[in-house]
Amino acid sequence: MKSAPQRSDVGTAQGSYEQARAWIGRRSETRLTDVAVDESRCKVFAALSEDGNPAYWDRQWATAQFGAPLAPSGLTMSLIMSLPWKPGGMVASAPSLAVDVPLPGQTFINVETDCEFLRPIRWGDHLSVYEEIIDIGPEKTTRLGRGHFVTTCMNLLDAKGRLVARLTNVLYRYEAASA
Amino acid sequence: MSAPAIYPQRLWSEVKAGDVLPGIELAVEYARIILNAASTWDYFPGHHNPEYARAQGQPDIYVSTIFFHGFIDRLITDWGGPSTFIKQRRMRMVASVDPGDTMRAEGHVLRHYRDEDGCGMVDLDIRINTARGLCVPASARVQLPLEPGERLFPPE
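In order, the protein sequence lines correspond to chains A and B.
Positions 1310 to 1488 (the working numbering) are the ones given, in order, by the first sequence.
Positions 17 to 172 (the working numbering) are the ones given, in order, by the second sequence.
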């Protein structure tokens, strides 16, 4: 029986680059996100960037135009995040396979995204997601420290199983220079 | 049904390469960074815990990826209108945006063309700056309506 890897304070699995390389090409299970897209989340997000787009605010106009008000496309990456706690003591899943990859380094920072949208996401949509590890680079030193760039792709599906968005993300897993 | 008057919809035929998007600005305070992280369920401590952010090598807590996504998309739809469909957005975070900064997004039209399906497409070059310089170089590919009132994604 394999023992679970040690994890940092922010949940990154600890291991070697050699162990990590075996994760390239790995794909997660498809999971239903914790909640459906809702009005409150969309409006708070739009409010914080002072975005008055009526597609997010004007129910009558947006319903006539799209069938329902839309989620801001900028919110899409948030829609796959998990609740931090659930009744019954369930452990929230890691926000990304990039955190589950065993690598050296205690922390991480996001560095690059490439988001493709195939159809709009509406209030009430309940999305599913699966993720793939695309690449894990060799050790690189940056101004922040030493670590590895991990590229993942998150695929979001609607209730009919149609791909609605594909989010490619590069995360830097590293040990801070000051550590 | 036309777009609400304060958010007119731009047609593809009204755009040309070189057009400049009106810039937008946002004052970034502690509260805005933290509230954004909370609203997007991004509980990573670099967005709410200054001590953790400094241990990471950052000067303070910093704006999240998803916050940048929203700010870039606002630049695009403030210019294009509410029926603008963002088909692709790419960005790199080369410097952080911290409490006390004002972030400014600006952009211009790189290319204006029809895709293989005849859709009206526009490629945009976008930058987010603070007073310290460039933080996020980005690009986007967006679809605009060809005719007034055209619905790119009608109700299902």
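Backbone N, C-alpha and C define an ideal beta-carbon position, used for all residues, glycine too.
Values in this document were obtained by computation on a predicted structure and should not be read as measured data.
Per the DSSP secondary-structure output, A:Leu1436 pairs with nothing in a beta bridge.
Per DSSP, A:His1457 is one residue of the beta strand (DSSP E) stretching across 1454 to 1466. Here the alpha carbons of B:Pro66 and B:Arg130 stand approximately 47 Å from one another.
Under the Cβ criterion of 8 Å, B:Met119 is not counted among the residues facing chain A.
Note that the C-beta distance between A:Pro1381 and B:Ala19 is not below 8 Å. The shortest C-alpha to C-alpha distance from B:Gln72 to any of A:Ala1373, A:Thr1416, A:Ile1333, A:Met1390 is the one to A:Thr1416. Contact annotation for B:Glu172 against chain A: Gly1376 [CB-CB distance below 7 Å, chain order]. At a cut-off of 8 Å between beta-carbon atoms, B:Ser29 makes no contact with chain A. Of A:Lys1449, A:Gly1433, A:Leu1480, A:Glu1484, the smallest CA-CA separation from A:Ala1468 is found for A:Gly1433. From the beta-carbon of A:Met1386, the residues of chain B found nearer than 7 Å are Thr81, Ile82, His85. DSSP places A:Ala1485 inside the beta strand (DSSP E), whose first and last residues are 1472 to 1485.
Contact of B:Trp57 with chain A is assigned, a C-beta pair being separated by under 8 Å.
The straight-line gap separating the alpha-carbon atoms of A:Glu1441 and A:Leu1453 is approximately 26 Å.
When rounded, the separation of the alpha-carbon atoms in A:Thr1422 and A:Met1463 is 11 Å.
The Cβ-Cβ distance between B:Leu37 and B:Glu122 falls below 8 Å. By the Cβ neighbour-count rule, B:Ile92 is buried, with 16 or more other Cβ atoms within 10 Å of its own. Collapsing the DSSP output to three states places B:Gln104 in a strand.
Using a CB distance cut-off of 8 Å, B:Pro61 counts as an interface residue toward chain A.
Per DSSP, the continuous beta strand (DSSP E) segment holding B:Ala156 begins and ends at 149 to 160. Under the 8 Å Cβ criterion, the segment 1355 to 1374 of chain A counts as touching the segment 20 to 35 of chain B, having at least three qualifying pairs. Neighbours of B:Arg90 in chain A, taken as residues whose beta carbon is under 7 Å from its own, are Ser1358, Asp1360 in chain order. Contact check for A:Val1473 against A:Ile1430 passes: the beta carbons are separated by less than 8 Å.
Against chain B, the CB of A:Pro1413 has no partner CB under 8 Å away; the residue lies outside that interface.
Just measuring C-alpha positions, the residue of B:Ala33, B:Val158, B:Glu166, B:Cys135 sitting nearest B:Gly96 is B:Val158. Neighbours of B:Thr93 across chain A, judged by C-beta separation under 8 Å: Asp1360, Asn1362, Ala1364.
Close CB contacts of A:Thr1477 within its chain, under the 6 Å cut and outside five residues either way in sequence, are with Asp1423, Cys1462 (chain order). Per DSSP, reduced to three states, the secondary structure at A:Ile1333 is coil, with no helix or strand assignment. Straight-line spacing of the CA atoms in A:Arg1336 and B:Ile144 works out to 33 Å.
The alpha helix (DSSP H) runs lying completely inside the segment 1353 to 1391 of chain A and spanning 4 residues or more are 1363 to 1366, 1368 to 1375, given in chain order. At a beta-carbon threshold of 7 Å, none of the residues of chain A lie near B:Ala21; the nearest stands roughly 10 Å away. The beta carbon of B:Lys32 lies closer than 8 Å to those of Val125, His128 in the same chain, with the five residues before and after it left out.
In the DSSP assignment, A:Cys1424 forms a beta bridge with A:Leu1476, B:Arg105. When DSSP states are grouped into helix, strand and coil, B:Arg90 belongs to the helix group. Around the beta-carbon of B:Ala156, 16 or more other beta-carbon atoms lie within 10 Å, marking it buried.
A:Val1408 sits in a helix when the DSSP states are folded into three classes.
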